[in-house]
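A quick write-up on the structure given underneath.
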Amino acid sequence: MASKTPSYLQPTASTARRAASSAPPKRAQPHARRRPPLTSVKAPQSTLGDGVICGDSKVPAVESQSAPTTQPSHSHPAEDHAPPPGPIYDSLQIAAQVQSWLFMRSNLQETLASVRQRGQDSSDALAEAISSDSNPESSRIARSEGEKLVLFLDDLANAGTGTRLPQIVHQFLEHERSWLQLQADLMQVVAPLSQLPMPSQEDVQKLKACLDGEASRVASLLKEVDLWNNETSSVHHTLAQLYPILRARSDNIKIASDIIECSIDSIRVCSKV
Numbered sequence: 001m002a003s004k005t006p007s008y009l010q011p012t013a014s015t016a017r018r019a020a021s022s023a024p025p026k027r028a029q030p031h032a033r034r035r036p037p038l039t040s041v042k043a044p045q046s047t048l049g050d051g052v053i054c055g056d057s058k059v060p061a062v063e064s065q066s067a068p069t070t071q072p073s074h075s076h077p078a079e080d081h082a083p084p085p086g087p088i089y090d091s092l093q094i095a096a097q098v099q100s101w102l103f104m105r106s107n108l109q110e111t112l113a114s115v116r117q118r119g120q121d122s123s124d125a126l127a128e129a130i131s132s133d134s135n136p137e138s139s140r141i142a143r144s145e146g147e148k149l150v151l152f153l154d155d156l157a158n159a160g161t162g163t164r165l166p167q168i169v170h171q172f173l174e175h176e177r178s179w180l181q182l183q184a185d186l187m188q189v190v191a192p193l194s195q196l197p198m199p200s201q202e203d204v205q206k207l208k209a210c211l212d213g214e215a216s217r218v219a220s221l222l223k224e225v226d227l228w229n230n231e232t233s234s235v236h237h238t239l240a241q242l243y244p245i246l247r248a249r250s251d252n253i254k255i256a257s258d259i260i261e262c263s264i265d266s267i268r269v270c271s272k273v
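Everything in the sequence shown is counted per full-length UniProt numbering, starting at 1 for the first residue and increasing by one.
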């Protein structure tokens with residue numbers, strides 16, 4: 001516990017005034033130079049790590065060993081922005097290009113003229129050979145055959161002929177291929193039972209279905225040929241030659257159907273025995 005100073009030891013006001021008056025005067029200190037205020041200077045950043053921020057400046061934690069790199073100046077001289085110089089045309093190069101094109105054009109014109117001349121010479125030679133023929137009958141026959149061929153080609157170029165005629169020919173060719181296979185199957189059915197194994201009733205039924213399909217195809221072809229016979233064109237003369245073939249083929253299919261019916265009856269009888 002702190003002890004209190006006795007009252008008789010405490011200085012009085014008169015004692016304090018006397019002590020102040022007896023004290024020596026203080027010397028005046030010379031005028032101190034005022035320092036300029038410190039400005040914050042940012043230290044260069046180091047690439048070795050993050051620094052410690054002190055006030056406004058950032059001091060790197062580890063000093064870089066390499067010398068500070070100077071940034072290249074972004075100012076470019078005025079001549080860098082100038083457009084590149086255009087191509088220098090040489091008069092000799094231009095003359096060579098023009099001459100090459102002129103040479104190609106002259107060659108094409110000469111070739112075209114030569115082809116026309118050869119065609120004209122061939123036509124004149126053919127006309128002379130026809131006019132100088134001593135046998136007028138052969139010339140007349142050749143002229144007649146040529147006229148028929150031209151007329152036939154004109155009929156083929158017709159719109160109706162170009163769509164109907166290929167269908168008829170295609171159906172006839174398909175019928176020919178199917179009929180060859182059916183003939184081989186029919187020969188197996190009508191062969192003696194001692195030479196070939198007896199066909200089953202299912203196989204014979206399939207063969208009969210194929211014959212019925214061919215019969216309908218031949219009937220359709222006959223109808224198409226009949227339509228062509230009513231037209232006065234050179235194409236119907238060619239299709240008219242198919243008409244007797246299709247008629248005979250229709251009769252053969254009917255006979256084959258009768259044979260199949262007899263074979264089915266024979267198979268049924270043999271299966272019961």
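We put the beta carbon where it would ideally sit given N, CA and C, even for glycine. Bear in mind the structure is a predicted one, so any value in this text is a computation, not a measurement.
- Which residue comes first and which comes last in the alpha helix (DSSP H) that contains Asn158? Looking at the DSSP string, Asn158 is not in any alpha helix (DSSP H), and its letter there is neither H nor E.
- Would you kindly work out how many angstroms separate the C-alpha atoms of Ala125 and Ala219, rounded to a whole number? Taking the straight line joining both Cα atoms gives about 52 Å.
- Item | Same chain only: Cβ atoms within 7 Å of Ser178, ignoring 5 sequence neighbours per side | Around Ser178: Glu214.
- Message: Going by DSSP in three states, Asp212 sits in which element: helix, strand or coil?
- Response: Of the three classes helix, strand and coil, the one that applies to Asp212 here is helix, per DSSP.
- Query: Are there 16 or more other CB atoms within 10 angstroms of the CB of Arg116, so buried, or fewer, so exposed?
  - Reply: So Arg116 ends up on the exposed side.
- Item | Residue range of the unbroken alpha helix (DSSP H) whose run includes Asp265 | Residue range Leu242 to Lys272 is occupied by the alpha helix (DSSP H) that includes Asp265.
- Run through DSSP, which three-state label would Asp90 get? In this structure, Asp90 counts as coil in the three-state DSSP scheme.
- Message: Quick check on Leu180: buried or exposed, where buried means 16 or more other Cβ atoms within 10 Å of its Cβ?
- Response: Per the 10 Å Cβ criterion, exposed.
- Can you give me the Cβ contacts of Ile53 inside the same chain, cut-off strictly under 7 Å, excluding the 5 residues immediately before and after it? Note that Ile53 scores a pLDDT of 46, beneath 50, so its modelled location is shaky and nothing firm can be said.
- Simplified DSSP assignment, three categories, for Ser139: In this structure, DSSP gives Ser139 a helical state, which the three-state scheme calls helix.
- Ser200 by DSSP, collapsed to three states: which one? DSSP places Ser200 in coil when its eight states are reduced to three.
- Task: Count the other C-beta atoms from every protein chain shown that fall within 10 angstroms of the C-beta of Cys210, then say buried if there are 16 or more, exposed otherwise.
- Result: Looking at its Cβ environment, which holds 16 or more other Cβ atoms inside 10 Å, Cys210 is buried.
- Query: If you drop the 5 nearest sequence neighbours on each side, which residues of the same chain put their C-beta closer than 6 Å to that of Ser257?
  - Reply: Result list for Ser257: Leu211, in chain order.
- Could you tell me whether the Cβ atoms of residue 282 and Arg217 are closer together than 8 Å? The first residue shown for the chain is 1 and the last is 273, placing residue 282 beyond what the model contains.
- Message: Taking only three categories from DSSP, how would you classify Ser131?
- Response: Ser131 falls in the helix class under three-state DSSP.
- Item | For Ser114, the three-state DSSP class (helix, strand or coil) | DSSP places Ser114 in helix when its eight states are reduced to three.
- Item | Inter-residue Cα distance where the pair is residue 307 and Arg143 | There is simply no residue 307 to check, as the chain begins at 1 and stops at 273 in what is shown.
- Give me the Cα-Cα distance between Glu145 and Lys208, rounded to the nearest whole angstrom. Rounded to the nearest angstrom, the gap between the Cα atoms of Glu145 and Lys208 is 46 Å.
- Message: If I measure Cβ to Cβ from Ser106 and keep anything under 7 Å in the same chain, skipping five residues before and after, which residues do I get?
- Response: Nothing meets the Cβ criterion.
- Item | Per-residue DSSP class, three states only, for Ser234 | In this structure, Ser234 counts as coil in the three-state DSSP scheme.
- Task: Taking Leu222 and Leu246 to be in contact with their CB atoms under 8 Å, please state how far apart those CB atoms are, rounded to whole angstroms.
- Result: Taking the Cβ atoms as the reference, Leu222 lies roughly 5 Å from Leu246, within the contact range of under 8 Å.
- Message: Can you check which of these residues, Ser122, Val98 and Ile253, is closest to Gln183 by C-alpha distance?
- Response: Measuring C-alpha to C-alpha distances from Gln183 to each of Ser122, Val98 and Ile253 identifies Ile253 as the nearest.
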